[in-house]
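In this note's numbering, the protein residues as written are 458 to 751.
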């Protein structure tokens with residue numbers, strides 16, 4: 458970022474004074490920071506995802522920031538069942554199996570409330586961002602190469618989003634909101650608009666790194682039972698690291714996840730510029746420059 462001429466400020470979003478200072482004289486704020494994951498202390502997630510968002514919103518109001526673009530997640534509406542061609546009208550579930558989607562949902566509601574109070578906002582829900590420099594999804598798969606197993610049905614579909622397309626969606630949201638303030642308060646799913654087998658997608662990541670495909674199979678019920686057992690054991694012994702399986706992960710892995718992005722196309726003129734096939738090629742090239750290592 459230094460080489461690109463980007464001015465950087467280091468700080469903690471849970472520190473209200475830091476956010477207030479960072480937002481001074483800013484026209485727009487892109488709130489993309491969050492604590493992701495499928496395991497961990499609820500309070501840590503709340504501090505990062507909820508308190509951090511509260512401070513971001515407060516700093517926007519205090520500094521008269523013109524607009525806030527908030528990065529959310531489709532997991533905020535995940536009710537443990539298939540999400541097939543769902544749109545932004547889908548309600549929040551009554552309960553969550555993990556602190557990440559729950560705290561992101563709370564934060565999303567805070568942003569929606571801020572819009573009602575006059576802050577110009579747009580909420581973007583990108584699904585499974587991946588590409589060069591990804592430090593979450595792809596490395597998580599590559600690190601488990603040789604140990605991964607399919608969970609549930611083989612034909613479950615997933616729609617992801619290449620990192621450049623995710624960034625493009627955010628910039629489009631800011632530009633469109635500036636020219637059309639009536640979009641404020643809206644939520645948008647964004648993706649590759651290309652649902653594929655989740656296991657084919659995972660194998661494409663592995664192949665890009667020169668690693669073998671996923672072998673073996675575990676039923677959805679077995680994975681869920683194992684996840685519940687791991688959660689009990691890890692909590693009882695106070696183990697901090699992520700378990701091999703959780704109930705949330707089991708449900709995510711055994712269901713379909715793809716979305717109707719027609720609203721983003723209509724309002725934001727969003728269309729994925731980088732196809733999934735092109736993205737895999739770019740990922741492969743990036744990995745090859747590093748000897749296949751992350």
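All residues carry an ideal CB built from backbone N, CA and C; glycine is no exception.
Keep in mind the model is a prediction, meaning the values are calculated, not measured.
Residue 698 and residue 499 have their alpha carbons spaced roughly 14 angstroms apart. Contact between the segment 467-475 and the segment 522-535 is not established, with fewer than three Cβ pairs separated by less than 8 angstroms.
The distance from the Cβ of residue 715 to that of residue 541 is about 6 angstroms, consistent with a contact at the 8 angstroms cut-off. Around the C-beta of residue 667, fewer than 16 other C-beta atoms lie within 10 Å, and the residue is accordingly described as exposed. For the segment 656-732, the continuous beta strand (DSSP E) assignments of 3+ residues that do not extend past its boundaries occur at 714-716, in sequence order. DSSP places residue 489 outside both helix and strand once states are collapsed to three, so it counts as coil. Take the alpha-carbon of residue 661 and the one of residue 732: they are about 14 angstroms apart. By the Cβ criterion, the segment 562-572 is in contact with the segment 495-512, since at least three pairs of Cβ atoms, one from each stretch, lie closer than 8 angstroms. For the set 462, 634, 600, the Cα lying nearest the Cα of residue 663 is the one of 600. Sequence-distant partners of residue 645 (beyond 5 residues in either direction) whose C-beta falls short of 8 angstroms from its own C-beta, in its chain, are 545, 579, 580, 581, 582, 626, 630, 718, 720, 721, 724, 725, 727. Residue 709 is classed as buried because its beta carbon has at least 16 other beta carbons within 10 Å across all chains shown.
As for any alpha helix (DSSP H) of minimum length 4 sitting wholly inside the segment 578-650, the runs are 594-599, 620-636, ordered along the chain. Ranked by how close their Cα comes to the Cα of residue 467, the residues 482, 460, 490 have 490 in first place. Here the alpha carbon of residue 611 sits roughly 41 angstroms from the alpha carbon of residue 572. With a threshold of 16 other beta carbon atoms within 10 Å, residue 458 falls short and is exposed.
Rounded to whole angstroms, the gap between the alpha carbons of residue 514 and residue 492 is 18 angstroms.
By the Cβ neighbour-count rule, residue 705 is buried, with 16 or more other Cβ atoms within 10 Å of its own.
The continuous beta strand (DSSP E) containing residue 524 extends over residues 524-528. Residue pairing from DSSP leaves residue 483 without any beta-bridge partner. Within the model, the alpha-carbon separation for residue 707 versus residue 677 is close to 7 angstroms.
Looking at the backbone, the Cα of residue 556 and that of residue 649 are separated by about 26 angstroms.
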